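For the sequence shown, this note's numbering begins at 1 and goes up steadily by one.
The beta carbon of each residue, even a glycine, is placed where N, CA and C say it ideally should be.
Computed from a prediction, not measured in an experiment: that's the story for all the values here.
Take a look at the structure set out below.
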Amino acid sequence: MRRRPLPPELVRRPFSTSAARRAGVSADRLQARDLSSPHRGVRTTADTQPSLLVERCLELLPVLRDDESFAHVTALALWDVPLPHRLATEPLHVACVESRQSRRPGVRGHRFPSDAPRLLGDLPVASPVAAMIQAARELSLDELVEVGDSLAGTWSQHPVARGIPVAELSAAAADARGRPGIGRLRDALQLVRPRVDSRRETTLRLLVIRAGLPEPDVNLKKFGADGSYLGKPDLSYEGAKLALEFQGDHHRLDRETWRRDLRRRERFEDAGWRVVLVSDDDLVGRAAVELISRVRAHLRRSG
Numbered sequence: 001m002r003r004r005p006l007p008p009e010l011v012r013r014p015f016s017t018s019a020a021r022r023a024g025v026s027a028d029r030l031q032a033r034d035l036s037s038p039h040r041g042v043r044t045t046a047d048t049q050p051s052l053l054v055e056r057c058l059e060l061l062p063v064l065r066d067d068e069s070f071a072h073v074t075a076l077a078l079w080d081v082p083l084p085h086r087l088a089t090e091p092l093h094v095a096c097v098e099s100r101q102s103r104r105p106g107v108r109g110h111r112f113p114s115d116a117p118r119l120l121g122d123l124p125v126a127s128p129v130a131a132m133i134q135a136a137r138e139l140s141l142d143e144l145v146e147v148g149d150s151l152a153g154t155w156s157q158h159p160v161a162r163g164i165p166v167a168e169l170s171a172a173a174a175d176a177r178g179r180p181g182i183g184r185l186r187d188a189l190q191l192v193r194p195r196v197d198s199r200r201e202t203t204l205r206l207l208v209i210r211a212g213l214p215e216p217d218v219n220l221k222k223f224g225a226d227g228s229y230l231g232k233p234d235l236s237y238e239g240a241k242l243a244l245e246f247q248g249d250h251h252r253l254d255r256e257t258w259r260r261d262l263r264r265r266e267r268f269e270d271a272g273w274r275v276v277l278v279s280d281d282d283l284v285g286r287a288a289v290e291l292i293s294r295v296r297a298h299l300r301r302s303g
């Protein structure tokens, strides 16, 4: 027997079984093999299987209660805040204000104070600052520094999750006294800096500071003695004319990026600067010790 087509408003999108019944879809049709059930009370057609976090959230949306929103590390990921790989397979984190915490398979329920969630497309999502506080218990000190650097920087494509003053992040953490992980978050925010462009820059900066070296400038424009613009190194020491530049794989694989890096390095060296190129390998183990020794030696020679 040929299956009856679904109503147009239910095609290519997740829908609740209650919405389908109101649209005239029979109980037998909802059990057909061309439909999958990602969550209890939800159906979706076979050509809308989830492959991205947003799609997973959209599948849960039809049965999300009015006071529920995506929260915690799920919200941070939706706001394009980078998270450790170990969290890639986390369940969806959903927070409620008054109702019972969600207990669905693949969902981790929470009850948090009212946050006035933002809409990200059709998804109700905890604000980036609230999500940072909610996730504090789950993340290490360095991971929280990365989150703070991201929110204070321009890593996210979403305006609401970028360029947040560090003072605003710290004030929110102070207001959340007593929440799990909040002490670690406050410590992390002491290490957060604006203008950081990537996670590796965060790692490099923390490596330098923890070695007892002076704190470097972060992505500040530098100029030659004649006033000509040299560039904006990842980390730099103006007085010592020392620049540290992290070089990810894209710097060598993308031809235009490689050429641009080469021209910038030549400008700095012509102006009397020393440019130290740093790769992933230089951030751990013996290579990290050698990197710090080179930086320390240059700073000493420069007075």
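Exposure label - residue i; buried when at least 16 CB within 10 Å
| i | result |
| --- | --- |
| F223 | exposed |
| V196 | buried |
| G153 | buried |
| V192 | buried |
| Q31 | exposed |
| I209 | exposed |
| Q134 | buried |
| L220 | exposed |
| S150 | buried |
| D226 | exposed |
| E138 | buried |
| V284 | exposed |
| L230 | buried |
| R56 | buried |
| L76 | buried |
| R301 | exposed |
| A20 | buried |
| L262 | exposed |
Whole-number beta carbon distance between residue j and residue i, since they are thought to touch under 8 Å
| i | j | result |
| --- | --- | --- |
| V107 | L92 | 5 Å |
| R179 | A240 | So it is not a contact: roughly 41 Å between Cβ atoms. |
| P5 | A23 | Not a contact, Cβ separation roughly 12 Å. |
| R199 | E269 | No, R199 and E269 are not in contact; Cβ-Cβ is about 27 Å, not under 8 Å. |
Neighbourhood of residue i by C-beta, 8 Å cutoff - its chain only, sequence neighbours within 5 removed
| i | result |
| --- | --- |
| V54 | L78, G121, L123 |
| V166 | G148, A152, L189, V192, R193, P194 |
| V329 | Here the chain has residues from 1 to 303 only, and residue 329 is not among them. |
| I164 | P128, V129, L151, A152 |
| D67 | C96, V97, E98, S99 |
Cβ shell of residue i (< 6 Å), same chain only, five flanking positions each side left out
| i | result |
| --- | --- |
| Y237 | P216 |
| Q49 | For Q49, the predicted model reports a pLDDT of 43, less than 50, meaning its position is unreliable; a value from the coordinates is still stated below. For Q49, where only same-chain residues beyond five positions count, there are no Cβ hits under 6 Å. |
| R111 | C96, Q101 |
| V276 | L244 |
| T74 | L92, H93 |
| A130 | D115 |
| D47 | Residue placement at D47 cannot be trusted, given a pLDDT of 47 that sits under 50; what the coordinates show is reported in the next sentence. Nothing listed; no residue qualifies. |
| G303 | none |
| W155 | none |
| S378 | In the structure as shown, the chain begins at 1 and stops at 303. Residue 378 is therefore absent and cannot be evaluated. |
| G181 | A136, R137 |
| R264 | G231 |
| S18 | none |
Nearest candidate by alpha-carbon position, reference residue i, set the options
| i | options | result |
| --- | --- | --- |
| S127 | E269, R162, G24, V145 | R162 |
| W273 | L242, L299, R294 | L242 |
| L207 | S114, L52, A287 | A287 |
| V295 | S69, G181, V63, R205 | R205 |
| L144 | A173, L283, H158 | A173 |
| S228 | R267, R260, T202 | R267 |
| S69 | G24, S170, E98 | E98 |
| L213 | H298, Q157, E201 | H298 |
| D234 | A211, T203, T89 | T203 |
| L64 | L83, P84, R86, G41 | G41 |
| A211 | S140, D142, S198, S293 | S293 |
| R86 | M132, G109, S140, C57 | S140 |
| P113 | R300, R104, A71 | A71 |
| L185 | K232, E168, M132 | M132 |
7 Å CB neighbourhood of residue i in its chain, flanking five on each side removed
| i | result |
| --- | --- |
| R118 | V125, S127, V160 |
| S51 | Any reading at S51 needs caution, since the residue's pLDDT is 44, under 50, leaving its predicted position unreliable; the model's value is listed next. Nothing meets the Cβ criterion. |
| S279 | Q247 |
| D282 | A288, L291 |
| Q157 | D80 |
| S170 | L189 |
| L83 | V73, L76, A77 |
To test your reading of the DSSP string, which unbroken alpha helix (DSSP H) runs of 4 or more residues are found completely within the region 62-125? Along the region 62-125, the alpha helix (DSSP H) occurs as fully enclosed runs of 4 or more residues at 72-78, listed in sequence order.
Which runs of the alpha helix (DSSP H), 4 residues or longer, sit entirely within the region 175-244? As far as the region 175-244 is concerned, its whole alpha helix (DSSP H) runs of at least 4 residues are 182-189, 199-210.
Fully enclosed by the region 149-179, which alpha helix (DSSP H) runs are 4 residues long or longer? Fully enclosed alpha helix (DSSP H) runs of 4 or longer: 166-175.
My parser needs the beta strand (DSSP E) runs of 3 or more residues fully inside the region 247-290; what are they? Here the runs fully enclosed are 274-278.
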